[in-house]
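Participant:
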Amino acid sequence: MPVESPFHPRTAPLCESYRWKEWAGRHAVCSFGTTVDPEYLALRHACGLIDVSPLFKYEVKGPDAAALLSWIWTRDVTRLAVGAVAYGCWCDEDGKVIDDGTVARLGPERYRMTAAEPSLRWLSRQARGFDATLRDESESVAALALQGPTSRGVLRELCGSEAADLEFFRGTRARAGGLELDVTRTGYTGDLGFELWVDATDAVELWDAAVAAGADHGLAPVGLDALDITRLEAGFLLAGVDYIGARDAIIPSQTSTPFELGLGWAVHLERGPFVGRDALRREARGRSRGRSRQALVGLVADWEAIEELHERHSLPPSLPTRAWRESVPVYAAGRQVGRATSGTWSPTLKQNLALATVEAGRSAVGTRLELETTVAYERHTVPATVVERPFFDPPRKKASSGAAAEEGA
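Residue numbering for the sequence shown follows this note's numbering, starting at 1088 and increasing by one per position.
Right under this line is the structure:
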């Protein structure tokens, strides 16, 4: 049975929809109100406060902490400066992705790693022989995502200018009143935003302080439904939905490599050994010769074609109120060439977006494909075009605090 998040005493009374889901063994709010629109608009036009405590969190500490993480990760963590954060993934010996997440360097020999799936046992096996200790912080550390155009103003009132002026993918130790916390300029919305990491015993006090600081900045509590729409607009992957981790795959065709997921930029091959390096080197050589199996792409479905299909059945087209997560066939000239795994109507872009895995030869931007859809209990296809990811990428996401793309830009 799911357990309560450290922020549950505050989120539960606010959840008027009574819509909850299980996330990593914890109760998580789907939407606080009966519709997702106000929460989505807060993320894109003001600021949203999201409980992301269910993320799995691991402290890696000791003289060999960087070496251990570099052995596990496809990225060279020894390059990471104190205060820096990196996104990446880790693979099995065959170069198949197990999971993805972030690593933050909190001190000279101290790191925090996040994961979508429980990973302590696997990490512990990999840590043998390294002078480093692992500690599961999943329950002892609570986390809030402060996301949206006005999030910097909220954080400035909450923690001061040093935290609010952080550069993209940087972190610092900060204070909010009498609380100590870690602040990172990271998030899952593809927008300007921060994440706050605090001792679970201080969670309620941090929530109250954040709400007070956000009173003049349009801050609103936000659930996972709105977060799912924004992460799709940002083109971000979701483990277990857009790819199946190598430890959970039943058959080889369900697995993916970093290159196939568009994460080749996060693979540092020219360095010492790491888990899956040899397999990834072989794949990289094959890709240089034009040999690739599949690729993850962004799709935009033709809205006019969707309208015409509904008109044929004397039905009005309806916009989905939430993002969808299911396997939907993708075709080319009547032959299935892949599958869409999640999608949404983007209120900002006014487009039907989807993430899909397709044959590598069908992955070039501009390629015309067909996406299966159902209208009046009948299966049809509508044209869909491969486009660049991310779909939504505002300048303010990475802009420094003094840039023109400040709050609301």
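All C-beta atoms, glycine included, are put in the ideal place defined by N, C-alpha and C. Here the structure is a predicted model, which means the values were calculated and not measured.
Skipping 5 residues on each side, what residues in its chain have a beta carbon closer than 6 Å to that of residue 1469?
Facilitator: For residue 1469, where only same-chain residues beyond five positions count, the Cβ hits under 6 Å are 1388, 1389, 1392, 1393, 1458 and 1460.
Participant: What does the alpha-carbon distance come out to for the pair residue 1228 and residue 1351?
Facilitator: Taking the straight line from one Cα to the other gives about 31 Å.
Participant: Let me know the secondary structure DSSP gives residue 1101 once reduced to three states.
Facilitator: Correct three-state label for residue 1101: helix.
Participant: Give every residue of the same chain whose Cβ lies closer than 6 Å to the Cβ of residue 1202, excluding the five residues on either side of it in the sequence, and list them in chain order.
Facilitator: So the qualifying residues of the chain are 1143, 1186 and 1188.
Participant: Take residue 1283 as the anchor and find which of 1307, 1231 and 1312 has the nearest alpha-carbon.
Facilitator: The option with the nearest alpha carbon to residue 1283 is 1231.
Participant: In whole angstroms, what is the alpha-carbon distance linking residue 1384 and residue 1416?
Facilitator: Answer to the nearest angstrom: the Cα atoms are 14 Å apart.
Participant: In the DSSP assignment, the alpha helix (DSSP H) including residue 1127 goes from what residue to what residue?
Facilitator: Note, residue 1127: alpha helix (DSSP H), 1124–1132.
Participant: According to DSSP, is residue 1164 helix, strand or coil?
Facilitator: In this structure, residue 1164 counts as helix in the three-state DSSP scheme.
Participant: Starting from residue 1234, follow the alpha helix (DSSP H) in both directions and report where the run begins and ends.
Facilitator: Counting along the chain, residue 1234 falls outside any alpha helix (DSSP H), though it belongs to the beta strand (DSSP E) covering 1228–1234.
Participant: Give the range of the alpha helix (DSSP H) segment to which residue 1312 is assigned.
Facilitator: Unbroken alpha helix (DSSP H) run through residue 1312: 1311–1320.
Participant: What first and last residue would you give for the beta strand (DSSP E) that runs through residue 1455?
Facilitator: Residue 1455 -> beta strand (DSSP E) spans 1455–1462.
Participant: Any idea what DSSP makes of residue 1283, helix, strand or coil?
Facilitator: Strand, per DSSP.
Participant: Taking the C-alpha atoms as reference points, what is the distance between residue 1263 and residue 1269?
Facilitator: Distance between the alpha carbons of residue 1263 and residue 1269 is about 10 Å.
Participant: Could you compute how far the alpha carbon of residue 1513 sits from the alpha carbon of residue 1402?
Facilitator: Here the chain covers residues 1088 to 1496 and nothing more, so residue 1513 does not appear.
Participant: Kindly indicate which three-state DSSP category residue 1159 falls into: helix, strand or coil?
Facilitator: Helix.
Participant: Does the count of Cβ pairs from the region 1277–1295 and the region 1208–1223 closer than 8 Å reach three?
Facilitator: These segments do not touch.
Participant: Residue 1396 lies in the alpha helix (DSSP H); which residues open and close that run?
Facilitator: First-last of the alpha helix (DSSP H) with residue 1396: 1390–1399.
Participant: For residue 1237 and residue 1438, I'd like the C-alpha separation in whole angstroms.
Facilitator: If you take the alpha carbons of residue 1237 and residue 1438, they lie about 25 Å apart.
Participant: Does the beta carbon of residue 1483 fall short of 7 Å from some heavy atom of the ligand SAM?
Facilitator: The ligand SAM is absent from the structure shown, which contains no ligands of any kind.
Participant: Just to confirm the assignment, what range does the alpha helix (DSSP H) spanning residue 1248 have?
Facilitator: Note, residue 1248: alpha helix (DSSP H), 1248–1251.
Participant: From residue 1097 to residue 1303, what does the alpha carbon distance come to, in whole angstroms?
Facilitator: Going from the Cα of residue 1097 to the Cα of residue 1303 covers about 20 Å.
Participant: Between the region 1310–1326 and the region 1423–1434, do at least 3 Cβ pairs fall closer than 8 Å?
Facilitator: Yes, they touch.
Participant: Can you check which of these residues, 1089, 1115 and 1464, is closest to residue 1100 by C-alpha distance?
Facilitator: Among 1089, 1115 and 1464, the Cα nearest to that of residue 1100 belongs to 1115.
Participant: DSSP state of residue 1140, grouped into three classes?
Facilitator: Correct three-state label for residue 1140: coil.
Participant: Is the beta carbon of residue 1448 less than 8 Å from the beta carbon of residue 1441?
Facilitator: Cβ distance not < 8 Å, so residue 1448 and residue 1441 don't count as in contact.
Participant: Taking the alpha-carbon positions, what's the residue 1251 to residue 1380 distance?
Facilitator: When rounded, the distance between both Cα atoms is 43 Å.
Participant: What number of angstroms, rounded off, separates the C-alpha of residue 1125 from the C-alpha of residue 1308?
Facilitator: Approximately 10 Å, taken between the alpha carbons.
Participant: Identify, in the order they occur along the chain, each residue of the same chain with its Cβ nearer than 8 Å to the Cβ of residue 1163, setting aside the five sequence neighbours on each side.
Facilitator: So the qualifying residues of the chain are 1157, 1355 and 1358.
Participant: Please report the distance separating the alpha-carbon of residue 1311 from that of residue 1149.
Facilitator: Cα to Cα, residue 1311 sits roughly 35 Å from residue 1149.
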